[in-house]
Amino acid sequence: MKPRLLPVRLYGDNILRTKLSECDVNDPALHEFISDLSFTMYERDGVGLAANQVGSHFRVFVIDPDWAREDIEPNPIVMINPVIESREGEADNEEGCISLPGIFANVHRAVKISYSYTDPQGNRIQETAEGFKAVVIQHEYDHLEGFVFTDRVGTLAKLRLKRRLNEIAATAVDGINIMEGFPDD
Ligand code: NI
């Protein structure tokens, strides 16, 4: 089946504040969803996308940290029921998010992490990552826990971002905030 472009949920949507529960790796609907999720991430030029950002409750995200570099073929890594097991070191990196358009801020995160997840074939994988890949995993993992990156910025930065965040949240209707098309649509 042809993958579908899923509508992106924006800051102010309740589902971005929902902690997602573990999902059944054998659920056929999960596998269909994963293909839509990956397709949507590339269409929206993201290096990561979590299920609740497109309105789903599956505890899964997809990343492709190398996608930002040109001349690289897509290499989506799907992480089902991920767990971050340890974190080492600290660094600030500028982050952005498809659900928070126009917002960028420095976020304090671990430099190196160890984590586990189930891949789409059903294997439980145990790995470590550092640098940009570790940042992307921590960002997407936060989404599954109901957090967005601006929750992790300092008080002063929060104050600076407040007006723009309120602008984005203002389009929510009954706790749902669906992005109405992209500038390039
Ligand atoms: Ni994000």
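Note that the sequence shown ends on residue 184 in numbering that gives the first Met the number 0; no numbers are left out.
Glycine included, each C-beta is placed from N, C-alpha and C at the ideal position.
Anticipated Cβ contact below 8 Å, residue i with residue j, distance rounded
i: Glu139; j: Ile83; result: With 8 Å as the limit, Glu139 and Ile83 do not qualify as a contact, their Cβ atoms being about 10 Å apart.
i: Val185; j: Asn92; result: One cannot answer for residue 185 here, as it falls past the ends of the chain, which runs 0 to 184.
i: His107; j: Arg151; result: 6 Å
i: Leu143; j: Ala49; result: 6 Å
i: Ile97; j: Ile112; result: Not a contact, Cβ separation roughly 22 Å.
Cutoff 8 Å; reference residue i; Cβ partners in own chain excluding five residues on either side
i: Lys132; result: Ile62 and Pro64
i: Asn13; result: Gly174 and Ile175
DSSP bridge partner residues for residue i (one or two, in chain order)
i: Lys111; result: Glu87 and Glu129
i: Ala104; result: Glu94
i: Arg8; result: Ile177
i: Ile124; result: Tyr116
Same chain, Cβ closer than 6 Å to residue i, neighbours up to 5 away in sequence not counted
i: Ala90; result: Val110
i: Phe103; result: Glu93 and Gly95
i: Ser37; result: Val61 and Pro75
i: Ile71; result: Asp65
The ligand NI heavy atom lying under 7 Å from the CB of residue i
i: Ser98; result: yes
i: His138; result: yes
i: His30; result: no
i: His142; result: yes
Any non-hydrogen atom of the ligand FAD within 7 Å of residue i CB
i: Asp23; result: The ligand FAD is not part of this structure, which contains only the ligand NI.
Same chain, Cβ closer than 7 Å to residue i, five either side skipped, listed in chain order
i: Glu21; result: Arg58 and Asn80
i: Thr39; result: Leu4, Leu5, Leu48 and Val53
Completely contained beta strand (DSSP E) runs for the segment 17–92, where each covers 3 or more residues: 47–49, 59–62 and 76–87
Counting only runs that start and end within the segment 133–175, where is the alpha helix (DSSP H) found for 4 or more residues in a row? 154–168
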